[in-house]
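J.:
Numbering (the working numbering), first residue to last: 138 to 226.
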């Protein structure tokens, strides 16, 4: 737990900063606000899947089992699930 708290200082603090990105999902322009750490995970997944981040987010949106109007929450849960899955491999 100390490591997590230490990440809040210095350069690690940037991961907690919210970042807004505008993109198109199903042909509609939208802006999503996520902490930088989540954008980093999405970029990693997109690179692994050989697609762009907007394409990945569109796929996640399509498979989001709950309220698709709350895209930021869906993306955070996706990122968390992905990171946990990576640790158990």
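Quick reminder that beta carbons are idealized off the backbone N, C-alpha and C, glycines included.
Which first and last residues belong to the beta strand (DSSP E) in which residue 166 is found?
T.: Sequence index remark: in the chain shown, residue 166 carries index 29 (1-based). Where residue 166 is concerned, the enclosing beta strand (DSSP E) stretches over 165-172.
J.: Determine the extent of the beta strand (DSSP E) in which residue 202 is found, giving its start and end residues.
T.: Here residue 202 is taken as the residue at index 65 of the chain shown, counted from 1. That residue, residue 202, is in no beta strand (DSSP E); it is neither H nor E in DSSP.
J.: What whole-angstrom Cβ distance do residue 171 and residue 155 have, given they're in contact under 8 Å?
T.: For this step, residue 171 is matched to residue 34 along the chain shown. For this step, residue 155 is matched to residue 18 along the chain shown. Right, the Cβ-Cβ distance comes to about 7 Å (below 8 Å), so this counts as a contact.
J.: Per DSSP, what kind of secondary structure is residue 159 in: helix, strand or coil?
T.: Here the question's residue 159 lines up with position 22 in the chain shown. In this structure, residue 159 counts as strand in the three-state DSSP scheme.
J.: CA-CA distance, residue 177 and residue 206?
T.: Taking the first residue of the chain shown as position 1, residue 177 is located at position 40. Taking the first residue of the chain shown as position 1, residue 206 is located at position 69. One C-alpha to the other measures close to 22 Å.
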